[in-house]
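Q:
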Amino acid sequence: MLKCIKSLALAILILHFTIFSRLLFASELECDFQQLTNRVYVIVGSDHQSCSKKEIEHPLTNPSIVVGDSGVIVIDPGSSLQVGRLVLKRIKSLTDKPVVAIFNSHIHGLYWLGNQAIKDRFPDARIYAHKRMIERIEGGEGSFWERTITGKYLGEKTKYISPSISLNGGETKSIAGIILKVHHINHAHTDHDILIEVPEEKALFLGGLVVEPEVPSQGVPQDANFKGQIAAIQYAIDIGAEKYIPGRGKPGGIELPKRSLRFLAALYAGVESYYKEGLADFEIVGKLKTNLSEFEQWYDFTLLGGVVSQMYLQIENESF
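Add 14 to a position in the sequence shown, counting from 1, and you land on the number used in this note's numbering.
So, in structure tokens, the structure goes:
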């Protein structure tokens with residue numbers, strides 16, 4: 015009898031340990047990296063089934079890494095100190111290699127305030143960004159994004175860390191045994207977007223240029239030049255990558271930027287056409303929501319007015 019009781023107790027203990035282990039493992043998978051190619055990994059922060067929205071502790075964008083021969087390259091480490099630490103924890107689960115470089119695609123704080131955590135852990139890591147982004151940070155926008163995104167958070171505060179290596183676009187960098195090509199296509203989503211190409215992996219990081227499913231540039235429409243953004247997306251398509259990594263949303267093949275281009279080009283053409291008919295911007299919004307109803311499931315589609323108003327102003331300015 016005693017032997018049976020001991021066996022039962024052992025079985026219960028094993029069952030509890032198994033359940034606990036599975037729960038622990040499941041929690042570790044939250045906001046985990048998804049392997050996209052041999053060397054490229056992405057956290058799809060806007061996929062709230064795998065990475066729930068949790069204040070500033072979980073990413074809303076797509077922190078990504080390229081694992082090189084001697085180190086790790088981080089692309090857009092996320093929106094806060096806490097997100098940056100999460101990214102580091104997930105890197106640790108993949109490799110013991112140090113982070114040697116960070117690339118920031120553009121100024122919007124959701125993408126780069128995680129710099130602080132990376133530099134705290136790896137102070138020798140070099141941070142690359144377009145020279146105009148660095149100018150804008152030093153001109154006051156670093157503090158603005160720090161306050162806007164993390165200022166109300168009651169926990170440990172995020173401090174912005176500015177990039178230290180200035181880029182113009184057109185550079186080819188060899189880092190940790192990986193070749194990276196930097197592309198800049200004039201004023202698009204911002205006046206300084208960079209696209210990071212990893213030719214060996216046939217992968218292209220799009221930054222804020224393409225976000226899906228989301229209305230392009232809806233968050234800060236006044237920062238965008240929409241005609242330039244259309245041209246820049248076409249440029250990204252022409253690179254002919256096999257894997258496209260958007261700033262937000264799930265990575266995909268060439269159909270991803272093509273879909274975004276189709277939406278943005280149709281939106282711009284619609285605003286331009288209705289402008290020529292003499293309609294005001296607020297009159298145009300309802301018509302375009304109907305015309306583009308196939309995209310109505312995209313985030314912020316109901317807030318299309320901000321993008322339409324900026325397009326209207328840009329078209330109006332070009333007409334003079």
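Quick reminder that beta carbons are idealized off the backbone N, C-alpha and C, glycines included.
Check whether the segment 124–141 and the segment 223–231 touch, using three or more Cβ-Cβ pairs below 8 angstroms as the test.
A: In short, these stretches do not touch, since the Cβ pair count stays below three.
Q: Are the CB atoms of LEU223 and ALA246 nearer to each other than 9 angstroms?
A: yes
Q: Going by C-alpha to C-alpha distance, which of ARG140, HIS122 and LEU95 sits closest to VAL113?
A: Put simply, of ARG140, HIS122 and LEU95 the residue whose alpha carbon is nearest the alpha carbon of VAL113 is ARG140.
Q: Of all the options ASP138, ILE189 and SER180, which has the alpha carbon lying nearest to the alpha carbon of ILE151?
A: Cα-wise, what sits closest to ILE151 is SER180.
Q: Could you work out which residue in SER333, GLU332 and PRO265 is closest to THR51 when comparing CA atoms only?
A: PRO265
Q: Do GLU310 and SER274 come within 9 angstroms of each other at the CB atom, strictly closer than that value?
A: no
Q: Would you mind reading off the limits of the alpha helix (DSSP H) that contains TYR313?
A: Counting along the chain, TYR313 falls outside any alpha helix (DSSP H), and DSSP gives it neither H nor E.
Q: In whole angstroms, give me the CA-to-CA distance for ILE329 and GLN236.
A: 13 angstroms
Q: Per DSSP, what are the beta-bridge partners of GLY266 in this structure?
A: As computed with DSSP, GLY266 is found in a beta bridge with TYR258.
Q: Mind reading off the beta-carbon distance from TYR249 to ILE199? Whole number of angstroms is fine, and I expect it under 8 angstroms.
A: 5 angstroms
Q: Is DSSP giving GLU330 helix, strand or coil here?
A: helix
Q: Do the CB positions of ASP61 and THR75 come within less than 9 angstroms of each other?
A: no
Q: Given this structure, state the Cα-to-Cα distance separating SER66 from GLY92, to the nearest angstrom.
A: 15 angstroms
Q: I need the DSSP call for THR109, collapsed to helix, strand or coil.
A: coil
Q: Exposed or buried, what is ASP83 when buried is set at 16 or more other beta-carbons lying within 10 Å of its beta-carbon?
A: exposed
Q: Under 8 angstroms, with one C-beta from each stretch per pair, do the segment 118–127 and the segment 197–217 reach the 3-pair mark?
A: yes
Q: Would you kindly work out how many angstroms separate the C-alpha atoms of GLY154 and ASN182, rounded to a whole number?
A: C-alpha separation (whole angstroms): 21 angstroms.
Q: From TYR289 to TYR313, what distance separates their C-alpha atoms?
A: 25 angstroms
Q: Taking GLU160 as the reference, which of ASN129, ILE193, ASP46 and ASP138 has the closest Cα?
A: ASN129
Q: Determine the closest residue to ILE163 out of LEU127, VAL196 and LEU194, with distance taken between C-alpha atoms.
A: LEU127
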